[in-house]
Amino acid sequence: MIERLCHQLIENYHKFENTCLIGVQPRGVYFANRIHQRLQSILKIKNIEYGKLDITFHRDDFRTRDTPIKANVTEMDFLVENKRVVLVDDVLYTGRTIQAAMSALQHYGRPEKVELVALIDRRFNRHLPIQSDYVGLTIDAIDEAYVKVEWLEEDGDDRVLLYPNK
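Under this note's numbering, the first residue of the sequence shown carries the number 193, and numbering increases by one thereafter.
The structure is reproduced here in structure tokens:
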């Protein structure tokens with residue numbers, strides 16, 4: 193899937209001039225790291241701008257939690273002003289995470305264009321009119337079902353899990 197998604201991105205962004213890749217913290221970064229590394233390997237370039245964006249305090253539910261939430265570190269040493277931005281996340285479900293990411297992104301300028309890469313697209317139960325431009329796998333799961341992507345770096349293995357309910 194990563195190989196296919198990288199080639200689709202290359203078709204549209206060629207050598208990634210005036211384009212940056214941004215992983216959505218926390219779990220989208222594992223996917224974004226792999227996309228970034230593979231793109232640089234395929235294109236044989238080392239200068240694809242890459243950032244890791246924390247969205248914690250841009251979420252519409254951060255004040256409704258029972259316990260304090262822990263923010264992640266944003267690692268972006270560039271602005272997105274007039275650039276093409278490729279947001280990368282692991283699971284697209286309700287659209288709220290991506291809405292928060294676009295809100296957080298505004299602190300870094302006004303991009304020319306924003307597109308989304310999602311490893312897993314749960315196309316049902318979207319709360320907001322947000323869709324992925326590049327999709328690894330589409331999973332049609334009912335509302336109560338739970339999809340989790342596990343990453344080697346965090347969970348000890350790479351896999352997608354589908355639970356019938358939370």
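Heads up, the beta-carbon is just placed ideally off N, CA and C, and yes, glycines get one too.
- If you ignore the 5 residues before and after Val216, its C-beta comes within less than 7 Å of the C-beta of Leu245, Ile247, Leu279, Val280, Asp281, Thr289 and Ala293, all in its own chain and listed in chain order.
- About 4 Å separates the CB atoms of His319 and Thr286; that is less than 8 Å, so the two are in contact.
- In this structure Glu241 is not in contact with Phe223, their Cβ atoms being roughly 17 Å apart against a cut-off of 8 Å.
- For Ala310, the pairing in a beta bridge is given by DSSP as Asp281 and Val327.
- Boundaries of the alpha helix (DSSP H) harbouring Gly220: Gly220 to Leu235, taken from the DSSP string.
- In the DSSP assignment, Arg276 forms a beta bridge with Thr211 and Lys305.
- The DSSP-derived three-state label of Leu271 is coil.
- In the DSSP assignment, Tyr355 falls outside any alpha helix (DSSP H) and lies within the beta strand (DSSP E) extending over Arg351 to Tyr355.
- Within the same chain, Leu284, Leu308, Ala310 and Asp313 come within 6 Å of Ser324 by CB-CB distance, once the 5 residues on both sides are set aside.
- DSSP places Leu320 outside both helix and strand once states are collapsed to three, so it counts as coil.
- Minimum Cα-Cα distance from Val341 among the listed residues Ile202, Arg196, Val221 and Asn210 corresponds to Val221.
- Counting along the chain, no alpha helix (DSSP H) covers Tyr300, and no H or E run does either.
- Spatial neighbours of Lys262 in its own chain (CB-CB distance under 8 Å, excluding positions within 5 residues in sequence) are listed in chain order as Thr248.
- Within the same chain, and ignoring the five residues on either side of Cys212 in sequence, the residues whose Cβ sits closer than 8 Å to its Cβ are Ile240, Glu241, Tyr242, Gly243, Phe270, Val272, Lys275, Arg276, Val277 and Val278.
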